[in-house]
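Protein chains in written order, with the numbering used here: chain A, 496 to 983; chain B, 4 to 71. First up is the structure itself, then whatever we jot down about it.
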């Protein structure tokens, strides 16, 4: 077993690069689709042109990053299929047809997005039709991440009796239980709201940068107002995330306990460069909540657009304080203490930043925009880094299988048939040892008791299809041993 | 945001790269006849095609629940 080298870079870091790059752009593209539609509808209903203009400019940015995200996704597929062919074969076995639908959705989204932007000024007489075209992006984006989240969820929680449906019906390219795996729903909910929140704060951050750069009052008003619109949408989405996140981690605790404890205890790659990335992400989320509440509390008495009444601001603060007390009881009091410290400190900082700029939220927009970007990156990283690294596990791509006899000939101009076979092992393992060694690479031995004794011939064949590397002789011995009901 | 702030976004000599339209006070709706017909037709046809695709995909996903 040797990881396939790629210019000296470990394969998992190649995937990490493509994965995180894709997350940063793809999540933004999905969230921005929603921001654009909301801004355009508000502009139309209020007959305020600046919101429509903001929507149009944001949509242009969207067209650009959608292309980058799509090309990046192709790079990710190339890297996965090239560096981890076994992993990719297994994913395709169970998700071939969802991938086909995903490809159709890419086509639908790219076309709708292009038409929506480039026909913007040609349809002022058919504004509702144009808005409807934009609204169409939302179900398409929703379905697109629906499928990707199912695959992402499967990689962490492979499902009820891992591919049981495939065991019954053979390799079919679609597996209902793999698609609707235990963590799918929570991952999908969390990512959907997180994308909107991330995109909203990102665009607000962009408005903050423009506010720093312009000196023209009209432009300042434009960026201040549109930044607040974007900020409000993002904040509404942000409020749902700690709640969904709690239930998501609860699912992981039950269905992916190894990953859950890796994340909670900062084991393995979760602990990166001396930093526990999981806890850092949580502290940043708390800082975002605090800064946003500081912003709203500072503006609660003003009559400016997109301000919230004071009772609502303090009500939200009280609710999340109670929530974090409950989290402290479930997790640790250190978690409660530090999140409250970061939230309170960030609240004061947020109020100060707005006061310092005489009511302008430029610095606060930028501050939360950066925090939002960091939390999305850290969240994506932690979910992948938390997955257990079993060498032969079908849903994990930590290593790629290269037959031992070929390892020393990799990248040399040698034909496979010219490679000498390894000499047979001197000592042959007995059947029980074979079972312990091969079966336990992917699952506990308890699972063996759930299968019928007269079905072992078929089950062993399917396991070999999944990647269990057995010779014909070994498979026969294992089948005979299990069919006879002997101990292992 | 008062109404005055939304109006008169004139670019000045100090801003050689005007990026905001001059008049943002008016929401520039116009009569449907003024839109180019080819553009309206293109978007309507695409809208229909996209809805058909959406219905097809949703049907596939629904059927996938029963015919795994």
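For each residue, glycine too, the CB sits at the ideal point set by N, CA and C. Everything numeric in this text was worked out from a predicted model, so none of it was measured.
With 16 other CB atoms within 10 Å as the buried threshold, where does residue i fall?
i             : result
residue 966/A : exposed
residue 47/B  : exposed
residue 44/B  : exposed
residue 510/A : buried
residue 650/A : buried
residue 561/A : buried
residue 717/A : buried
residue 535/A : buried
residue 849/A : buried
residue 712/A : exposed
residue 822/A : buried
residue 707/A : exposed
residue 719/A : buried
residue 506/A : buried
residue 574/A : buried
residue 945/A : exposed
residue 886/A : In this prediction, residue 886/A has a pLDDT of 34, which is less than 50 and means its spatial position is unreliable; nothing more can be read from the coordinates.
With distances taken from CA atoms, which of the options is nearest residue i?
i             : options                    : result
residue 819/A : 631/A, 802/A, 736/A        : 736/A
residue 636/A : 679/A, 711/A, 529/A        : 529/A
residue 64/B  : 608/A, 732/A, 638/A        : 638/A
residue 629/A : 565/A, 610/A, 949/A        : 610/A
residue 938/A : 791/A, 780/A, 958/A        : 958/A
residue 794/A : 853/A, 653/A, 829/A        : 853/A
residue 440/A : 591/A, 620/A, 599/A        : An answer regarding residue 440/A cannot be provided, because it is not within the stretch 496 to 983 covered by chain A.
residue 790/A : 565/A, 774/A, 808/A, 564/A : 808/A
residue 984/A : 978/A, 741/A, 589/A, 971/A : Given a span of 496 to 983 for chain A in the structure shown, any question on residue 984/A remains unanswerable.
residue 685/A : 931/A, 980/A, 503/A, 870/A : 870/A
residue 62/B  : 520/A, 524/A, 585/A, 596/A : 596/A
residue 704/A : 956/A, 557/A, 623/A, 857/A : 857/A
residue 605/A : 980/A, 584/A, 633/A, 558/A : 558/A
residue 678/A : 668/A, 641/A, 696/A        : 641/A
residue 599/A : 67/B, 37/B, 68/B, 52/B     : 52/B
residue 627/A : 532/A, 764/A, 772/A        : 532/A
residue 936/A : 961/A, 721/A, 948/A, 696/A : 961/A
residue 750/A : 652/A, 551/A, 926/A        : 652/A
residue 37/B  : 855/A, 851/A, 846/A, 621/A : 621/A
In this structure, how does DSSP classify residue i when only helix, strand and coil are distinguished?
i             : result
residue 972/A : helix
residue 585/A : helix
residue 621/A : helix
residue 766/A : strand
residue 527/A : helix
residue 949/A : helix
residue 771/A : strand
residue 537/A : helix
residue 504/A : strand
residue 801/A : coil
residue 815/A : helix
residue 554/A : helix
residue 841/A : helix
residue 726/A : helix
residue 821/A : helix
residue 892/A : Bear in mind that the predicted position of residue 892/A carries a pLDDT of just 47, short of 50, making it too unreliable to give a figure here.
residue 937/A : coil
residue 628/A : helix
residue 928/A : helix
residue 826/A : coil
residue 795/A : coil
residue 443/A : This structure does not reach residue 443/A, given that chain A is present from 496 up to 983, and the question cannot be answered.
residue 752/A : helix
residue 716/A : helix
residue 607/A : helix
residue 1/B   : Residue 1/B lies beyond the residue range present for chain B, which begins at 4 and ends at 71; the question has no answer from this structure.
residue 580/A : helix
Segment contact flag, the segment 735-755 of chain A with the segment 790-802 of chain A, C-beta cutoff 8 Å, min 3 pairs: no
Within 8 Å of chain D by C-beta, residues of the segment 619-636 of chain A in sequence order: Absence of chain D from the displayed structure is noted, the protein chains being A and B.
Three CB pairs or more closer than 8 Å across the segment 871-884 of chain A and the segment 752-767 of chain A: yes
Examine the Cβ distances between the segment 574-582 of chain A and the segment 537-544 of chain A and report whether three or more of them are shorter than 8 Å. no
Taking one C-beta from the segment 831-847 of chain A and one from the segment 770-784 of chain A each time, how about it: are there three or more such pairs within less than 8 Å? yes
Check whether the segment 725-741 of chain A and the segment 689-699 of chain A are in contact - that is, three or more C-beta pairs closer than 8 Å. yes
The segment 696-707 of chain A in contact with the segment 850-867 of chain A per 3-pair CB rule at 8 Å: yes
Would the segment 33-44 of chain B and the segment 616-632 of chain A be scored as touching if the rule is three or more Cβ pairs under 8 Å? yes
Is the number of C-beta pairs between the segment 587-605 of chain A and the segment 970-978 of chain A that are closer than 8 Å three or more? no
Under 8 Å, with one C-beta from each stretch per pair, do the segment 564-575 of chain A and the segment 508-524 of chain A reach the 3-pair mark? yes
Uninterrupted alpha helix (DSSP H) stretches inside the segment 640-714 of chain A (no shorter than 4 residues): 659-664, 671-674, 679-708
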